[in-house]
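Chemist: Under the numbering used here, the first residue of the sequence shown carries the number 12, and numbering increases by one thereafter.
In this text, a Cβ means the ideal position worked out from N, Cα and C, and glycines have one as well.
Note that the structure is predicted; figures quoted are calculated from it, not measured.
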Amino acid sequence: MYYIRFLKSPRIIGRGNEKAFGAKITITTDLGESFLAADLGICVDVVEEDGESILGPAGREYVWKGREGMRSLEVSLPMRKVRKVERVRMVVAAKGEAYVDSFESVLGIGEKKEGILGGVVTVRSMEIDGYTGYPIGTGLAERVFSSSIRNGLTEIHIWEETGESIARHVWDAGLVLSSYIASLPHITDSPLPRLPILESALSSPSLNILELGAGCGIVGITILHTLPSPTHILLTDLPEATEILSRNTSAPVLDLSPSTTSKISHQVLDWSLPLPSNVAATKWDIVFVADCTYNPDVVPDLVKTLGRVADGNREGKVVVAMKVRHESELVFFDLMKERGFVVNEKGIVPLPVLGGEDQEIEVFVFGCGGEVPILQKTLR
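#1: Starting from Glu373, follow its DSSP beta bridges and name the residues at the other end.
#2: Since Ile244 and Ile275 should fall inside the 8 Å C-beta cutoff, what is the C-beta to C-beta distance between them, to a whole number of angstroms?
#3: Can you pull the DSSP bridge partners for Thr37?
#4: Please specify which runs of the alpha helix (DSSP H), each continuous and at least 4 residues long, are wholly inside the region 281–331, giving them in chain order.
#5: Pull up the distance between the alpha-carbon of Leu346 and that of Arg78, whole angstroms please.
#6: Below 6 Å CB to CB, which residues in the same chain sit around Arg350 once its five sequence neighbours on both sides are set aside?
#7: Can you name, in chain order, every residue of its own chain whose Cβ lies under 6 Å from the Cβ of Val102, other than the five neighbours on each side?
#8: Can you grab the Cα-Cα spacing for the pair Ser83 / Pro287, in whole Å?
#9: Which of helix, strand or coil does DSSP assign to Ile177?
#10: Residues in the same chain with beta-carbon distance under 6 Å from Val364, minus the five sequence neighbours each way, listed in chain order, please.
#11: Excluding sequence positions up to five away, which residues of its chain have a Cβ less than 8 Å from the Cβ of Leu341?
#12: So, for Ile23: in the same chain, excluding its five sequence neighbours on each side, which residues have a beta-carbon less than 8 Å away from its beta-carbon?
#13: Let me know if Asp112 comes out buried or exposed under the rule of 16 or more other beta-carbons within 10 Å of its beta-carbon.
#14: Where Met333 and Thr165 are concerned, what is the direct C-alpha to C-alpha distance, given to the nearest angstrom?
#15: Between the beta-carbon of Phe156 and the beta-carbon of Ile220, is there less than 8 Å?
#16: With Tyr191 and Leu118 assumed to form a contact (beta carbons below 8 Å), what rounded beta-carbon distance in angstroms separates them?
#17: Indicate the three-state DSSP secondary structure (helix, strand or coil) for Arg78 in the structure shown.
#18: Quick check on the burial criterion: 16 or more other C-beta atoms within 10 angstroms. Buried or exposed for Thr149?
#19: Would you tell me roughly how many angstroms separate the C-alpha atoms of Arg154 and Glu171, rounded to the nearest one?
#20: Any idea what DSSP makes of Gly378, helix, strand or coil?
#21: Can you give, in chain order, each stretch of the beta strand (DSSP E) that sits fully within the region 207–286 and has at least 3 residues?
#22: Distance, Cα to Cα, Val222 vs Val320?
#23: Between which residues of its own chain and Arg325 is the CB-CB distance below 7 Å, once the five residues before and five after are set aside?
#24: Buried or exposed, going by whether 16 or more other CB atoms sit within 10 Å of the CB of Leu188?
#25: Using only the alpha-carbon positions, how far apart do Gly52 and Lys35 sit?
#26: Hey, how far is the Cα of Glu85 from the Cα of Val331?
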């Protein structure tokens with residue numbers, strides 16, 4: 012999966028009649044370690060607060076010349092073409108089948124999505140003053156993922172930082188796991204793997220759900236929007252994630268229905284320290300971990316934390332989503348086995364990569380010791 016990012020947030024460039032909204036973008040992988048090496052048409056648009064385009068249906072088109080080694084691209088929209096409204100936002104999206112702004116398109120399912128060659132995730136800027144052209148706030152960008160698979164049309168809004176910190180960005184495994192969860196229980200009509208234990212656990216009433224290493228919070232927030240029964244969700248991470256989690260779990264961003272009875276909150280949880288008293292005292296039904304095994308140095312502390320949480324509920328499940336980036340990550344499974352966890356089921360979700368070798372996201376459902384794994388092979 013590739014992501015369009017703002018290297019420079021939208022701003023005014025030029026003078027007089029030559030004034031324009033300008034921004035500098037790049038297209039990279041989730042960790043930013045490589046750039047899109049394929050050519051891609053992209054569309055730059057300016058929208059009002061309700062998402063309606065100010066420029067009309069076409070926007071302004073550019074070409075990302077990845078085959079020529081492009082690493083960044085300056086884009087601009089003449090201000091004279093932008094109808095004066097109080098607040099506007101710049102949206103940059105891929106054209107054609109690479110366009111990703113829904114969970115269905117992430118998974119490669121739905122209309123005209125079968126057999127796609129890889130996706131590029133749309134980005135939206137912070138608000139811009141429609142009269143002066145200056146940004147209202149800096150340092151953040153928004154991803155919006157719609158889903159019509161479950162409970163009607165739902166939009167998940169996730170803000171992330173535009174800086175160099177990878178901890179406060181959306182990562183592939185978290186995005187794919189969120190998309191997978193949103194697709195339940197209608198997954199029987201798609202080529203995606205079935206995870207019956209996870210499906211059963213998520214269908215239970217009044218769940219207590221804990222997410223470790225939540226980052227921007229996309230997994231927990233998706234669960235909040237998609238589970239029909241009342242649920243308590245706690246997102247946890249290190250202190251540097253507190254600000255972005257506060258924003259993403261705020262009432263205006265969540266935009267929940269008044270009838271929603273589920274609750275979501277966040278707090279600091281350091282894996283190298285004992286569990287906070289409220290976490291230790293809660294019987295957690297499901298613990299979610301996505302994109303947290305890439306650094307083998309912190310994996311021992313992660314497994315210790317999972318063990319402490321499991322001590323409070325031996326019937327609970329641990330769901331781990333990962334994109335294996337190097338062999339050293341596999342120490343996670345050795346440590347989980349030593350701690351008494353057993354893989355109950357496993358599924359693989361294919362992740363096509365535009366212009367590159369296809370990847371995959373592995374989803375594991377662990378139970379505590381004494382249980383017999385019901386699935387010993389990869390599901391496809």
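Modeler: According to the structure shown:
#1: Reading the sequence shown from its first residue, position 362 is the one you call residue 373. According to DSSP, Glu373 bridges with Met333 and Ile359.
#2: Residue numbering aside, residue 244 sits at position 233 when the sequence shown is read from its first letter. Residue numbering aside, residue 275 sits at position 264 when the sequence shown is read from its first letter. Confirmed, Cβ separation roughly 4 Å.
#3: On the sequence shown, position 26 is the one that residue 37 refers to. In the DSSP output, where bridge partners are listed per residue, Thr37 has Arg16.
#4: 288–291 and 310–321
#5: Within the sequence shown, residue 346 is the residue found at index 335, counting from 1. Within the sequence shown, residue 78 is the residue found at index 67, counting from 1. Straight-line Cα distance between these residues: approximately 42 Å.
#6: Taking the sequence shown and counting its residues from 1, the one referred to as residue 350 is at position 339. So the qualifying residues of the chain are Val314 and Gly318.
#7: For this step, residue 102 is matched to residue 91 along the sequence shown. For Val102, where only same-chain residues beyond five positions count, the Cβ hits under 6 Å are Asp56, Val58 and Arg135.
#8: Numbered from 1 along the sequence shown, position 72 holds the residue referred to as residue 83. Numbered from 1 along the sequence shown, position 276 holds the residue referred to as residue 287. So the two alpha carbons sit approximately 43 Å from each other.
#9: Counting from one through the sequence shown, the residue named residue 177 turns up at place 166. It is helical.
#10: Position 353 of the sequence shown holds residue 364. Only Gly129 and Gln370 meet the Cβ criterion.
#11: What you label residue 341 is simply residue 330 of the sequence shown in a count that begins at 1. Cβ within range, chain order: Val335.
#12: Sequence index remark: in the sequence shown, residue 23 carries index 12 (1-based). So the list reads Lys30, Ala31, Phe32, Gly33, Met90, Thr143, Gly144 and Tyr145, once near-sequence residues are dropped.
#13: Walking along the sequence shown from the start, residue 112 turns up at place 101. So Asp112 ends up on the buried side.
#14: Position 322 of the sequence shown, counted from the first residue, corresponds to residue 333. Position 154 of the sequence shown, counted from the first residue, corresponds to residue 165. Roughly 25 Å separates the two Cα atoms.
#15: The residue you call residue 156 lines up with position 145 of the sequence shown. The residue you call residue 220 lines up with position 209 of the sequence shown. Against a cut-off of 8 Å, the Cβ pair of Ile220 and Phe156 comes out as no contact.
#16: As a working mapping, residue 191 is identified with position 180 in the sequence shown. As a working mapping, residue 118 is identified with position 107 in the sequence shown. With a Cβ gap of about 7 Å, Tyr191 and Leu118 count as contacting.
#17: Along the sequence shown, read from residue 1 onward, the residue named residue 78 stands at position 67. Helix at Arg78.
#18: For the purposes of this step, residue 149 is taken as the residue at position 138 of the sequence shown. Thr149 comes out exposed.
#19: Translated into the one-based positions of the sequence shown, residue 154 becomes position 143. Translated into the one-based positions of the sequence shown, residue 171 becomes position 160. Taking the straight line joining both Cα atoms gives about 8 Å.
#20: Taking the sequence shown and counting its residues from 1, the one referred to as residue 378 is at position 367. Gly378 falls in the strand class under three-state DSSP.
#21: 218–223, 242–248 and 274–279
#22: Indexing the sequence shown from 1 puts residue 222 at position 211. Indexing the sequence shown from 1 puts residue 320 at position 309. Sequence check: residue 222 is Glu here, not Val. In a straight line, the C-alpha of Glu222 is about 11 Å away from that of Val320.
#23: The sequence position of residue 325 within the sequence shown is 314, counting from 1. Closer than 7 Å at Cβ, skipping near neighbours: Cys379.
#24: As a first step, residue 188 is located in the sequence shown; it is residue number 177 there, counting from the start. The residue is buried, with at least 16 neighbouring Cβ atoms inside 10 Å.
#25: Within the sequence shown, residue 52 is the residue found at index 41, counting from 1. Within the sequence shown, residue 35 is the residue found at index 24, counting from 1. If you take the alpha carbons of Gly52 and Lys35, they lie about 16 Å apart.
#26: One-based indexing of the sequence shown puts residue 85 at position 74. One-based indexing of the sequence shown puts residue 331 at position 320. Straight-line Cα distance between these residues: approximately 38 Å.
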